[in-house]
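Residue numbers (our numbering): -13 to 539.
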């Protein structure tokens, strides 16, 4: 058994056999599906990144070149590499090369810093880290070398930049094309092995790792593409960080490649830049989180005149999309809204493109696979009355049975018979569509990035002046939620927001996790069993915000 497989909770043999018999798992490595499409349409445009245009033949030649050079560095099937790259052709080529070789990419986020990346490298026992150079005055290359110097496993730092240091590997040179198809073909990865390690939303400190196999992730991307109408004429614009599950495989870039479509990578979600790309490249579909979608709507409503006539579908997911905002998509952008409710842990729900407006605007869709199992339960894990809100449990052919190397968390997050406790409070309508009502987990969703309240609180407790701390979500019209930190100071002490931020900055925590409001109180409310009452705190901060906005009398 490989080291990665040893940390994975497998599907029961009889369940795996059922998924194979039904055709969900085809026992073909994920990259082989992409290469089959490249063989069929070698001259079709696969990737557009600024002025660079790669055909499918170009893409696979670069991926093969990268695979051979990764192997020359000593990386072998099942070795892990932490990938923290901005949206660009380098991310696409390196990811495909890893899938081709059987090296497992650990998908970090661009906003992560040393605190998170050190954990990912240690937990995954990574042998390499791939980063950009200096981005927005932050030196990712130096950070990666700091991590490597303290790591017992990291041997190589791969850097995508115009100039790289002498101790780094030039990622762009590593991704130069090579005629190595037959060489790499000779050693395909096991389709049942881990293809990629995704990050969980994280509600108990640092994110957990989700092991997705070649079999289940290929089905994930392929079936999502079928539900979303992907085909050879699809031009997909990757706006969200491509390391997220949503733009990676729901259907995302992989879903586009599996049908011979084109992927256009966007450097940022700025509406002017995004609309430029839609107009120039004839983009047909893109995906956004609610906060980004709302920015686009407001920009368009302010008088934008870009030609967006090619855009057929806007997918919105990552957080609940407000009904009143959802209603504006078609009249303002001229395209169909597709609501997406899913998770890196597996289950994907979509509104269908031909659904009536009521379903598209007021629900988060229904499962994409007939073998997706769902159960809505009460606090005792008992199925609740039909149509009543409850916690969603799920299992299915692309929902793993446990987190990677996380026995303690798995005991809480999964039932003994394999149901995943999503932590989402949903209501299942008679027509089969879900309505997401909220979360039962202690998590803050800032523009689609999940922030663990516990992690923020742990940073606050590093300050001697803090007696008690509780982080909660405060509503925000721009990003959905922001982090609000309640603190009870030690007697005679004072605590400022910048004090907590300084601790987090020193630790290298991502900025999106930093609290944006601090409320000092004499005591924290508690529940009947003595736990801090987060529900009461969320209500309190909502009330404070309302009072702040109220006109003076």
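Ideal placement from N, C-alpha and C gives every residue a C-beta, glycine not left out. Bear in mind the structure is a predicted one, so any value in this text is a computation, not a measurement.
Range covered by the beta strand (DSSP E) that runs through residue i
i           : result
residue 142 : 142 to 146
residue 385 : Careful: residue 385 lies outside any beta strand (DSSP E) and carries neither H nor E.
residue 436 : 435 to 438
residue 466 : 466 to 475
residue 430 : 429 to 432
residue 273 : 271 to 274
residue 502 : From DSSP, residue 502 is part of no beta strand (DSSP E); its letter is neither H nor E.
residue 248 : 248 to 251
residue 359 : 359 to 363
Boundaries of the alpha helix (DSSP H) in which residue i is found, first to last residue
i           : result
residue 416 : That residue, residue 416, is in no alpha helix (DSSP H); it is neither H nor E in DSSP.
residue 260 : 257 to 267
residue 226 : Element bounds for residue 226: n/a, residue is neither H nor E.
residue 20  : 16 to 26
residue 575 : Limits of the chain in this structure are -13 at one end and 539 at the other, which puts residue 575 out of reach.
Coarse secondary structure for residue i, derived from DSSP in three states
i           : result
residue 453 : strand
residue 408 : strand
residue 461 : strand
residue 1   : helix
residue 558 : Since the first and last residues shown for the chain are -13 and 539, residue 558 lies out of range.
residue 574 : The chain is shown from -13 up to 539; residue 574 falls before or after that span and cannot be answered.
residue 532 : helix
residue -5  : coil
residue 370 : coil
residue 217 : coil
residue 241 : helix
residue 378 : strand
Through-space distance from residue j to residue i, alpha-carbon basis
i           : j           : result
residue 578 : residue 81  : Nothing can be reported for residue 578: it is not among the residues displayed for the chain, which extend from -13 to 539.
residue 434 : residue 308 : 14 Å
residue 16  : residue 200 : 5 Å
residue 268 : residue 228 : 20 Å
residue 392 : residue 194 : 8 Å
residue 230 : residue 361 : 26 Å
residue 116 : residue 498 : 21 Å
residue 488 : residue 270 : 43 Å
residue 569 : residue 186 : For residue 569 there is no data in the structure shown, the boundaries of the chain being -13 and 539.
residue 291 : residue 281 : 15 Å
residue 459 : residue 469 : 5 Å
residue 354 : residue 485 : 46 Å
residue 293 : residue 507 : 52 Å
residue 102 : residue -10 : 20 Å
residue 0   : residue 11  : 13 Å
residue 403 : residue 441 : 30 Å
residue 325 : residue 174 : 36 Å
residue 72  : residue 449 : 34 Å
residue 121 : residue 501 : 23 Å
Residue i Cβ short of 7 Å to the ligand MG heavy atom set
i           : result
residue 487 : You won't find the ligand MG in this model; it holds no ligand whatsoever.
Where in the segment 29 to 78 do unbroken runs of the beta strand (DSSP E), each at least 3 residues long, occur, reported from the N-terminal end onward?
Correct list: 31 to 35, 38 to 41 and 66 to 69.
Between the segment 80 to 95 and the segment 135 to 142, are three or more C-beta pairs nearer than 8 Å?
Contact between the segment 80 to 95 and the segment 135 to 142 is absent, because fewer than three Cβ pairs lie under 8 Å.
Quick one: which unbroken alpha helix (DSSP H) runs of 4-plus residues sit fully inside the segment 146 to 213? Chain order, please.
Segments of the alpha helix (DSSP H) lying fully in the segment 146 to 213: 157 to 160, 167 to 171 and 200 to 213.
Okay, do the segment 284 to 293 and the segment 469 to 480 touch, 3+ Cβ pairs below 8 Å being the bar?
Here the segment 284 to 293 makes no contact with the segment 469 to 480; the two share fewer than three CB pairs at distances below 8 Å.
Secondary structure, beta strand (DSSP E): runs of 3+ residues fully inside the segment 286 to 355
Qualifying beta strand (DSSP E) stretches, in chain order: 299 to 302, 322 to 329 and 332 to 336.
Runs of 4 residues minimum, wholly inside the segment 76 to 143: which ones carry the alpha helix (DSSP H) assignment?
Complete alpha helix (DSSP H) runs here, min 4: 100 to 110 and 126 to 136.
Tell me whether the segment 368 to 376 and the segment 341 to 355 touch, counting them as touching only if at least three CB pairs, one residue from each stretch, are closer than 8 Å.
Judged by Cβ distances under 8 Å, the segment 368 to 376 makes no contact with the segment 341 to 355, as fewer than three pairs qualify.
Assess contact between the segment 243 to 263 and the segment 214 to 229, defined as three or more Cβ pairs (one per stretch) separated by less than 8 Å. Is contact present?
The answer is yes - the segment 214 to 229 touches the segment 243 to 263, with three or more Cβ pairs under 8 Å.
Tell me whether the segment 122 to 132 and the segment 28 to 48 touch, counting them as touching only if at least three CB pairs, one residue from each stretch, are closer than 8 Å.
Taking 8 Å as the limit for Cβ pairs, the verdict is that the segment 28 to 48 does not touch the segment 122 to 132.
With three or more beta-carbon pairs closer than 8 Å as the criterion, would you say the segment 144 to 164 touches the segment 177 to 184?
Flag = no, the segment 144 to 164 and the segment 177 to 184 do not touch.
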